[in-house]
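Undergrad:
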Amino acid sequence: MFKSVVTAVVIIAIVAIVDPFESRRRISAAQLPSIGDPEQLKQTLLERMKREPPTYRGDNNIRLKWEWYNGVAASYLFEKGNLVQEASAGQPNVLRPQWVFRNVKVTFQEIFRLTSQDDEKLVPILSYYTILSNSPSSTFEGLPLYGKDGEPKGTITRKYTVSTSD
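Residues -18 to 147 (my numbering) make up the sequence shown, in order.
#1: Quick check on the DSSP output: the alpha helix (DSSP H) that includes L126 runs from which residue to which?
#2: Out of P105, Y57, A55, P78, which one is the CA nearest neighbour of Y127?
#3: Can you tell which of K23, L95, E132, N51 has the C-alpha that lies nearest to the C-alpha of K61?
#4: Alpha carbon to alpha carbon, how far is D40 from V75? Give it in angstroms, no decimals.
#5: Pull the bridge partners of R38 from the DSSP assignment, please.
#6: So, is F150 buried or exposed, given that buried needs 16 or more other C-beta atoms within 10 angstroms?
#7: Just checking: is the beta-carbon of L76 within a distance shorter than 8 Å of some beta-carbon in chain B?
#8: Determine the extent of the beta strand (DSSP E) in which P133 is found, giving its start and end residues.
#9: Just to confirm the assignment, what range does the alpha helix (DSSP H) spanning I112 have?
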């Protein structure tokens, strides 16, 4: 028993000295080169996105199909992930999307390319889990909710917490 305890202590000491694993030190943003111009990053992201013309549902065409909305949102998040991977190339660790896109401001209008004709259309903003989970919890607070025929149902009065355990 004593021999196995001594062997374990020797192995732990060697691993602690040699540290064959990658260093766990954090890398600060000041140590990394700049990603580039935020406007150029935004343009690249929006140009790469796959966006079909909007499709509507119902007889009165006032509601956008959730399938269209989810497709555009998925394309946005996919291309955003690709740009993070490209920015991380050559770096010792994968960069966080929050750091890469820290100065980039993208609007709903820019992502979905809706025209002024679509201003009165109903958009299923709460249908896509990934958009909800990537948004701050108070993003949708205060927005009006409408029914299938465009009748007002009230406003969102609380913060959303997205959970897959529900």
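A virtual CB, placed ideally from N, CA and C, is assigned to each residue, including glycine.
TA: A quick look at the data gives this:
#1: Unbroken run through L126 is the beta strand (DSSP E), 125 to 127; no alpha helix (DSSP H).
#2: Closest by alpha carbon: P105.
#3: K23
#4: 47 Å
#5: R44
#6: It is not possible to answer for residue 150, since the shown part of the chain is limited to -18 through 147.
#7: Looking at the structure shown, chain B is missing, and only one protein chain is on hand.
#8: 133 to 136
#9: 110 to 115
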